[in-house]
């Protein structure tokens, strides 16, 4: 069953034949599947959409399309040296889907942890063309982890944000000719955290898209073989030195924490300012929210309770 909120606002709605809704799923080994689903059934608090078997066999209606037929030739390279240095880099990479050139077809951007990323333009004939070099979207100066298409400067064109393990994250604004310009430095998104995925939404109600960035952590100190120093304080062991804030001793065990997530306010032109959690967010008791370090992987921004305000689910 597929479930979704009844209050989701899509930035780029796609029309479908009445009674049918196409959905496209990307499989990690670059096989594409297309299915047909029934109209949604409504109930209290959710909508459920059962998958239609194609021929009464009871199997979901997926058709696997091999990479060579699609024209998608891409591999997320991860060298042994990278893995030995950053075991967290094995978490995998993201894919962004969006019609960046406005021709009505969904294009795909693939992140690469240890090499150039790639942008594939849908040709409309069930295949894709690699337009990475033509568009300037290789993003080779970072360990790319996640990506999203969104219009971040309000010019009607989809821009591209690519997160990175260890930074800097990359912001590529699309020009009128379909080229992308790297505006990372002036954008204010130059942090050096171990970022994974992200979500965009108008969190402050000023009409532009703000950014919520999930941070996992570049290093896994305990797994990567880092040297941790401790000392006794009031009869209890505590971690000292550079990892004192990242590792705590709880019930006699060393517990490692990730990195706190980040929110950035957009001024409407693709320039961002980091939000102060305590000033911008309140907890369930109405007190200033103190962000906690954690291993952030995924985030959604939706109006989950129908009050017209964006909610954040991490």
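Residue numbers (the numbering used here): 3 to 316.
Glycine included, each C-beta is placed from N, C-alpha and C at the ideal position.
Only a predicted model underlies this, so the values are computations on that prediction, with no experimental measurement involved.
Counting only the Cα atoms, residue 246 lies some 35 Å from residue 119. A contact between stretches requires three or more CB pairs, one per stretch, nearer than 8 Å, and the stretch 174-183 fails this requirement with the stretch 231-241. Membership of residue 280 in any beta strand (DSSP E) is not indicated; the residue belongs instead to the alpha helix (DSSP H) covering 279-282. Runs of the beta strand (DSSP E) lying entirely within the stretch 176-200 and spanning at least 3 residues, in chain order: 182-184. Around the beta carbon of residue 217, 16 or more other beta carbons lie within 10 angstroms, which makes this residue buried. Scanning its chain for C-beta atoms nearer than 8 Å, with the 5 sequence neighbours on each side dropped, one finds around residue 190 the residues 266, 273, 274, 275 and 276, in chain order. Note on geometry: alpha-carbon atoms of residue 299 and residue 127 lie some 34 Å from one another. If you look at residue 159, you'll find it isn't in any alpha helix (DSSP H); DSSP assigns it neither H nor E. Contact annotation: the stretch 93-103 touches the stretch 136-155, with at least three C-beta pairs closer than 8 Å. Per DSSP, the unbroken alpha helix (DSSP H) holding residue 134 starts and ends at 134-137. Annotation: residue 117 to residue 95 spans about 12 Å, alpha carbon to alpha carbon. The C-beta distance from residue 196 to residue 227 rounds to 17 Å, too long to fall under 8 Å, and the pair is not in contact. Sixteen is the threshold: when 16 or more other Cβ atoms of the shown chains lie within 10 Å of the Cβ of residue 303, as they do, the residue is buried. Ranking 125, 77 and 129 by CA distance to the CA of residue 71 puts 129 first. One Cα belongs to residue 264, the other to residue 179, and the distance between them is close to 32 Å. Under the three-state reduction of DSSP output, residue 241 falls in the strand class. Counting other Cβ atoms within 10 Å of its Cβ, residue 115 reaches 16 or more and is therefore classed as buried. Taking a cut-off of 8 Å for Cβ pairs, the stretch 181-190 and the stretch 163-173 touch, as three or more such pairs fall below it. For the pair residue 268 and residue 211, the Cα-to-Cα distance works out to about 6 Å.
Under the DSSP assignment, residue 83 falls in the alpha helix (DSSP H) whose first and last residues are 82-87. Per DSSP, the unbroken beta strand (DSSP E) holding residue 149 starts and ends at 146-152. With 16 or more other CB atoms across the displayed protein chains lying within 10 angstroms of its CB, residue 164 is buried.
Between the beta-carbon of residue 198 and that of residue 93 there is about 7 Å, and that keeps the pair under the 8 Å contact cut.
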